[in-house]
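Below is one structure, written out as structure tokens; comments come after it.
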Amino acid sequence: MGVANQFDPNSFRDSSTYRDQQTTKMTIIETERLKIRFIVDEDIQVLLKIYNKPENMQYVSSGKFIWIDLELIEKYKRANKDYDRGIGIFAFELKDKKETIGEAGLFNSFSNPEKLELGYIIDSSFWKKGYGQEICKGLMDYSFGKLQIKKMVARMYADNINSVELSRKCGMKEIEDGLAENGKRFLVFEIEK
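So the mapping is simple: the working numbering equals the position in the sequence shown, first residue as 1, plus 2.
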């Protein structure tokens, strides 16, 4: 039995609704070229490769780029405790090739269901192709429409120029400029309904 087969997507939650969503690779958002959907066991090894590429993780808060499958599974279990409410970390794939190229997340970082944080990791092989904007716009439409949130926030290191520009392109306004605990400068962007 391979490591990927050890991942039980039903172990995140006990609800039958969640199990049904996992079993069917439920898509929550479709954009022109992407499907954003619940993570299933087949995604773990692909996402693990993405997590283990330093260039993909350079702007993630921990900067960690050496992961093992069980760590990633545990991260998803923690982050996806609210999957049944439509928030958590999702895989996204190219519609035409059905190839998983990253993850996108909606996080209740502020203990306020009307204010969510958005984040994403795209495999570097797919950078500079407009997928980031497609993901962000899709998550915003879904969050403001279906989830009925009032505010969306994105936090990033200031030297992550592409994400800073993308936040502005998506209509977000810079609301904070500060220093993280590690001494790196960060920015916070927000958009309201």
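Yeah, the Cβ is synthetic: ideal placement off N, Cα and C, and Gly gets one too.
Under DSSP, MET28 takes part in no beta bridge, so it has no partner. Under DSSP, MET154 takes part in a beta bridge, and its partners are LEU118, ILE193. Under the three-state reduction of DSSP output, ILE163 falls in the helix class. By the criterion of at least three beta-carbon pairs nearer than 8 angstroms, the segment 49–56 is not in contact with the segment 108–120. With at least 16 other beta carbons inside 10 angstroms of its own, SER169 counts as buried.
In the three-state DSSP reduction, ASP179 falls in the strand class (E or B). DSSP links ILE91 through a beta bridge to GLY107.
For the pair TYR122 and GLU136, the CB atoms are not nearer than the 8 angstroms cut-off. In the DSSP assignment, ARG39 falls within the beta strand (DSSP E) that extends over 36–40. With contacts defined by Cβ atoms closer than 8 angstroms, PHE191 and MET174 form a contacting pair. With respect to ILE41, ILE31 sits apart: the two C-beta atoms are not nearer than 8 angstroms. Membership of SER145 in the alpha helix (DSSP H) is indicated by the continuous run 133–147.
Distances from the alpha-carbon of LYS152 to those of MET59, ARG80, GLU194 put GLU194 closest. VAL166 has its alpha-carbon roughly 15 angstroms from the corresponding atom of SER63. Cβ neighbours of THR102 within its own chain (closer than 6 angstroms, five residues either side excluded): ASP45, VAL48, ALA93, GLU95. Residue pairing by DSSP puts THR102 in a beta bridge opposite GLU95. The C-beta distance from TYR78 to TYR159 rounds to 23 angstroms, too long to fall under 8 angstroms, and the pair is not in contact. Here DSSP, grouped into helix, strand and coil, assigns ILE70 to coil.
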